[in-house]
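Take the position in the sequence shown, starting the count at 1, then add 33; the result is the number in the numbering used here. C-beta: ideal position from N, C-alpha, C; glycine also. Given the structure is predicted, the values throughout are model-derived calculations rather than measurements. One structure is given below, encoded as structure tokens.
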Amino acid sequence: MPIDVEREAGAAIVAVNRPDAMNALDVAHADELRERLQELASDDEARVVVLTGAGDRAFIAGADIKYMQGLGVLEAREWGELGQRCAELLETMPKPTVAAINGFALGGGCELALACDLRLAASNAKLGQPEVNLGIMPGWGGSQRLARATTLGYAKDLIFT
């Protein structure tokens, strides 16, 4: 499965396993991530949820751009709502959530990391919200979470550049 869940000493380690696509998400994989997060919210054996990406090149490189290019207006809206739901599940999880950031955390990947309670970054981590380069804004609540996690000025700099 592209969304793997491993268990270790009370931790549920959720890994997006698409290293060939830099762990980018399309609707099928985002929906699978949503399902796993919903299951873990009520799993008493999991005392902490760790979100990461397979391999060392990317945590989650955001949305799969090839997938997004084919979306119509209604599909794009549904895609945005699905990403928001994943972020909300992380943010409201009744147990701690940790983003173990290995490599690129861009766009939706950065937004999901921001929805976690804690963010631990490897030395090769690169975070960003490059959606503006595609003519869109972060759609999963990332701009709001970024402003709360840092300063408004830093958030604007990261989003606008």
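query: First and last residue of the beta strand (DSSP E) that includes T125?; result: It is not in any beta strand (DSSP E) - T125 instead sits in the alpha helix (DSSP H) that spans 106-125.
query: Counting along the chain, where does the beta strand (DSSP E) carrying G84 start and finish?; result: According to the sequence shown, residue 84 is Leu rather than Gly. Run containing L84: 81-86, per the beta strand (DSSP E) assignment.
query: Let me confirm a value: E144 is counted as buried when at least 16 other C-beta atoms fall within 10 Å, else exposed. Which label applies?; result: buried
query: Is the beta carbon of R152 sitting closer than 9 Å to the one on A132?; result: yes
query: Let's test the definition: count the other Cβ atoms within 10 Å of the Cβ of R178 and tell me whether it reaches 16, buried, or not, exposed.; result: buried
query: Assuming contact is defined by CB atoms lying nearer than 9 Å, are I46 and V83 in contact in what I supplied?; result: yes
query: Is it buried or exposed for L107, if we count other Cβ within 10 angstroms and need 16 for buried?; result: exposed
query: To which residues of the same chain is T85 closer than 8 Å at the C-beta, ignoring the five residues directly before and after it?; result: I46, V47, A48, V49, F92, A132, A133, I134, N135
query: Determine, using beta carbons only, whether C119 and A148 come nearer to each other than 9 Å.; result: yes
query: Per DSSP, which residues does G161 bridge with? Please list them.; result: L139
query: With a cut-off of 8 Å on the beta carbons, I'd call L58 and D97 a contact; round off their distance for me.; result: 6 Å
query: Might you give, ordered along the chain, the residues of its own chain that have their beta carbon closer than 7 Å to the beta carbon of D64, omitting 5 neighbours on each side?; result: L115
query: Based on the DSSP secondary-structure assignment, which residues constitute the bridge partners of E41?; result: A44
query: Could you give the residue range of the alpha helix (DSSP H) that holds L151?; result: Taken as a continuous stretch (DSSP letters only), L151 belongs to no alpha helix (DSSP H), being part of the beta strand (DSSP E) at 151-154.
query: Quick check on A132: does DSSP put it in helix, strand or coil?; result: strand
query: If R67 and L123 are in contact, beta carbons under 8 Å, what's the gap, nearest whole angstrom?; result: Going by Cβ atoms, the distance from R67 to L123 rounds to 10 Å, so no, they are not a contact pair.
query: Could you give the DSSP three-state label for A96: helix, strand or coil?; result: strand
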